[in-house]
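**Student:**
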Amino acid sequence: MDVATGDCHAGPDITTLQTREEIEGEITRYLAYVAALRTHLNTFTPISVLPPEVLCEVFLHVAGVGKHDISSSPTPYRWISVSHVCKHWRAVALNCPVLWGNVTVTPQVEWMTELLERSKSAPLYVSMTILRFSVPYFNREEEEASTIMVFSHLARMRSLSITAARALTVRFGDLLTGPAPCLESLTIRYTNNFSSRPDEFDCIHELLHRPENSRLRRLDLHSVALSWSKTSLPHLTHLTVTGKPQRDEAHVNVETLLGAVARMGLLEELVLEKALSVAAGGSVPAASTPASLPRLQSLRVVDSVPNCIYLLDYVATPSLSRLSVHVSGDIRGLRSQLFAAIAAKTSSLGTLLSLLLTHQPSSLCSVRMRAFSKCLDYDALKRSTDSPDQYPPELEVSFAYLHIDILTSHVCSLFPFRDIRCLFVAGQSVAVPEITWHTLFKSTRKVTQLTVMGCTCDDGFPYALLHRHRNKKKKGTNPTYQYVLPRLRLLTLADCYLGEHGDYYDLYLEKDYDEVRLVDSLLDCFIERYEYGAEIEKLRILSPVNATEEEIEWLREVVRIVEWDGVINYDEPDSDDMHDSQFSDLDDDDDDDDSELELSDEEAYW
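Residue 36 in our numbering is what sits at position 36 of the sequence shown, and the numbering runs on without skipping anything.
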């Protein structure tokens, strides 16, 4: 039976088939014919007309080939099921060596052998996890055999990521000392909380400094005690160094690290998170020679106040376009010096158009500030919270145990906020004083959109919006006054308390006329600004708390455009807050995560 020639017939009379073998033979013949028909039918689907080159690009995207760190994927080989859709796709995948370059090391020697054969001579992106204990059903010899096989191709590796939950053995270290002329990215995560041997990371130092390995551009070290005084990596463009509180031996003296960084003139991104030793006496060390990083575009520092000041003061960054500073500990005594050091780095960030200020008095991170070069509305800001890479902030600063009043009184005059168009203030059901709002408004006079999130019913922003300042008086004329935020046209209230905190059933009792209601101050604000020519034309109300529909209607009577999402939330019994602000999330780096890396067998290897 031939599909191509149309040799199709009804077949013999079933009654003539007398033996089991004859019947099974006919079944096999017809099943093969059906399979051939299905294969031919697939050629009429639109996706089948894709050239193999385009189909390979689709596979490469699904497989994530080329990422500098693939260790975060719990199922690195799940993409293979996509290539099993049809024989054509399978053939295209098998004939694309680059597609098999992502190698997550497993104890299965046969699978590792197959992957390396399919990748042929293509670059390898290798990731492996060294668990604290051996994987069940596999003995240590099988793990070592698989590892040795993969690392025998060290010369082909373009990216290498190692996560170690136990000490690196001398035997494993020997695998890293060979030449790696193609290596461009190296990530070492050391999650073992126990003290390391003095020479445990000598293999990493040797790998970094082999003359053949000069193509290395990205280096990520997490709790790795590298000898920075002997480190010279002039070709690096990206450096990340992080530490853990219980791994003191991995912490490096700030002057020593700065000396190593000063020899990285091509550096474009620098991330330092809890990697520095605590300065003696809490004072800022004095650097003998400042480090110049003319190409540095992104700087992120998470550390103590003295170390943050030191790095900001003694690293010259004329091309800096993104700055992130997270300060831990009490800043009293060094407050002015810290704010001045941060402000000095903002001159190259460009024009900032959106500002998000988050305050959480009950949390470790009390105040957090993010500024963007784009004009973001409320919906875009929510997307940036869910997907930080979509709208990364040009400036991000957070302080522990700092009140919002202190922040605004210092930074508003120092930071480049004069061109802010979109202002967001998010709280955790805590009232912001009127004077704080007034200070903030004075430094952001070009704001056209104001968004307040999670405020209380006695918040001071409606009163602050009624502040007026006196214009320059011309000779022979009467003085004139102008409201703060004269260009403000849109006010958005999200998750705000229109009524006082209380159990939900209290809302159905007779109203207490002495109760503070946010709507009262809002009505006064809208009416007065309208009468004096500073109208706020549009009001958006999203998920108000302890509000009434009658209050929404009152606002409709005095505001030109009122948009309400139709939702009203109420306090749950025995709760202090309706919910935390969705914009008050903390960086994982701001919390001390001392937990061990615990992966299931499937997560670690498949």
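Yeah, the Cβ is synthetic: ideal placement off N, Cα and C, and Gly gets one too.
If we count the other Cβ atoms within 10 Å of its Cβ and call it buried at 16 or more, is Lys120 buried or exposed?
**Tutor:** Result: exposed.
**Student:** If I measure Cβ to Cβ from Leu296 and keep anything under 7 Å in the same chain, skipping five residues before and after, which residues do I get?
**Tutor:** Correct list, in chain order: Leu267, Glu268, Leu270, Thr317, Ser319, Leu320.
**Student:** Buried or exposed: where does Tyr310 fall if 16 or more other Cβ atoms within 10 Å of its Cβ makes it buried?
**Tutor:** Counting Cβ neighbours within 10 Å, Tyr310 comes out buried, since at least 16 surround it.
**Student:** Buried or exposed for Asp495, please, with buried defined as at least 16 other CB atoms from any protein chain shown within 10 angstroms of its CB.
**Tutor:** So Asp495 counts as buried.
**Student:** Would DSSP call Gln337 helix, strand or coil?
**Tutor:** Gln337 falls in the helix class under three-state DSSP.
**Student:** Is it right to say Ser347 is buried, meaning 16 or more other beta carbons lie within 10 angstroms of its own, or is it exposed?
**Tutor:** It counts as exposed.
**Student:** Roughly how many whole angstroms lie between the Cα atoms of Pro123 and Arg158?
**Tutor:** Taking the straight line from one Cα to the other gives about 6 Å.
**Student:** CB Val559 to CB Leu542, shorter than 8 Å?
**Tutor:** Their beta carbons are not under 8 Å apart, which means Val559 does not touch Leu542 by this criterion.
**Student:** So does the segment 477-486 actually touch the segment 404-411, counting three or more Cβ pairs closer than 8 Å?
**Tutor:** These segments do not touch.
**Student:** How many angstroms separate the CA atom of Asn253 from the CA atom of Thr351?
**Tutor:** Spanning the two alpha carbons is a distance of roughly 35 Å.
**Student:** Rounded to the nearest angstrom, how far is the Cβ of Val241 from that of Ala275, given a contact under 8 Å?
**Tutor:** Correct: roughly 4 Å between the Cβ atoms.
**Student:** If I measure Cβ to Cβ from Ala4 and keep anything under 6 Å in the same chain, skipping five residues before and after, which residues do I get?
**Tutor:** With a pLDDT of 45 at Ala4, under the threshold of 50, the modelled position of this residue cannot be trusted, and the question is left open.
**Student:** Okay, do the segment 514-532 and the segment 458-469 touch, 3+ Cβ pairs below 8 Å being the bar?
**Tutor:** Yes: the two stretches touch, three or more of their Cβ pairs being nearer than 8 Å.
**Student:** Hey, Leu355 and Ala371: beta-carbon distance below 8 Å or not?
**Tutor:** Result yes, Cβ atoms of Leu355 and Ala371 sit closer than 8 Å.
**Student:** Return helix, strand or coil for Met128, following the three-state DSSP convention.
**Tutor:** DSSP places Met128 in strand when its eight states are reduced to three.
**Student:** Taking DSSP's pairing of strands, which residues face Val103 in a bridge?
**Tutor:** Val126.
**Student:** Bridge partners for Pro292 per DSSP, in chain order?
**Tutor:** Residue identity check: residue 292 is Ser in the sequence provided, not Pro. Answer is Ala316.
**Student:** Do you know how far the Cα of Leu186 is from the Cα of His61?
**Tutor:** Whole-angstrom Cα-Cα distance: 21 Å.
**Student:** Given this structure, state the Cα-to-Cα distance separating Arg217 from Thr129, to the nearest angstrom.
**Tutor:** The alpha-carbon atoms of Arg217 and Thr129 are separated by roughly 22 Å.
**Student:** Could you check the C-alpha separation between Pro573 and Asn546 for me, to the nearest Å?
**Tutor:** Its pLDDT being 48, under 50, Pro573 is placed unreliably in this model, and the coordinates cannot settle the point.
**Student:** Provide the residue span of the alpha helix (DSSP H) that contains Cys525, from first to last.
**Tutor:** Residues 518-531.
**Student:** Whose C-alpha, out of Val567, Leu236, Gly243, is nearest the C-alpha of Leu226?
**Tutor:** Nearest option by C-alpha distance: Gly243.
**Student:** Leaving out five residues on either side along the sequence, give the residues of the same chain with a beta carbon under 6 Å from the beta carbon of Arg368.
**Tutor:** For Arg368, where only same-chain residues beyond five positions count, the Cβ hits under 6 Å are Thr358, Ser398.
**Student:** Determine the DSSP secondary structure at Phe424, reduced to helix, strand or coil.
**Tutor:** Reduced to three states, the DSSP call for Phe424 is strand.
**Student:** Just tell me which of Ser298, Leu115, Ala35, Leu31 has its CA closest to the CA of Pro393.
**Tutor:** If we check each option's Cα against that of Pro393, Ser298 comes out closest.
**Student:** Less than 8 Å between C-beta atoms, sequence neighbours within five positions excluded: which residues of the same chain meet that for Glu212?
**Tutor:** Result list for Glu212: Pro179, Ala180, Pro181, in chain order.
**Student:** Taking only three categories from DSSP, how would you classify Lys446?
**Tutor:** It is coil, neither helix nor strand.
**Student:** Could you tell me how far apart the beta carbons of Gly333 and Ser304 are, in whole angstroms, since I believe they sit closer than 8 Å?
**Tutor:** Their Cβ separation, rounded to whole angstroms, is 12 Å, which puts Gly333 and Ser304 out of contact at 8 Å.
**Student:** Kindly indicate which three-state DSSP category Met157 falls into: helix, strand or coil?
**Tutor:** DSSP places Met157 in strand when its eight states are reduced to three.
**Student:** I'd like the ranges of any alpha helix (DSSP H) spanning at least 4 consecutive residues and lying wholly in the segment 9-58.
**Tutor:** Entirely contained in the segment 9-58, the alpha helix (DSSP H) runs reaching 4 residues are, in chain order, 20-42.
**Student:** When the distance is taken between beta carbons, is Lys446 closer than 8 Å to Ile420?
**Tutor:** Cβ atoms of Ile420 and Lys446: closer than 8 Å.
**Student:** Excluding five sequence neighbours on each side, which residues of the same chain lie with their C-beta closer than 8 Å to the C-beta of Ser232?
**Tutor:** Excluding positions up to five away in sequence, the list reads His209, Ala260, Arg263.
**Student:** Which residues share a DSSP beta bridge with Arg189?
**Tutor:** Per DSSP, Thr163, His222.
**Student:** What three-state label does DSSP hand Leu239 in the structure shown?
**Tutor:** Note: Leu239 maps to strand in three-state DSSP.
**Student:** How about Leu395 and Leu323: do their beta carbons lie closer than 8 Å?
**Tutor:** Against a cut-off of 8 Å, the Cβ pair of Leu323 and Leu395 comes out as a contact.
**Student:** Taking the alpha-carbon positions, what's the Gln482 to Leu466 distance?
**Tutor:** Going by the C-alpha atoms only, they are around 10 Å apart.
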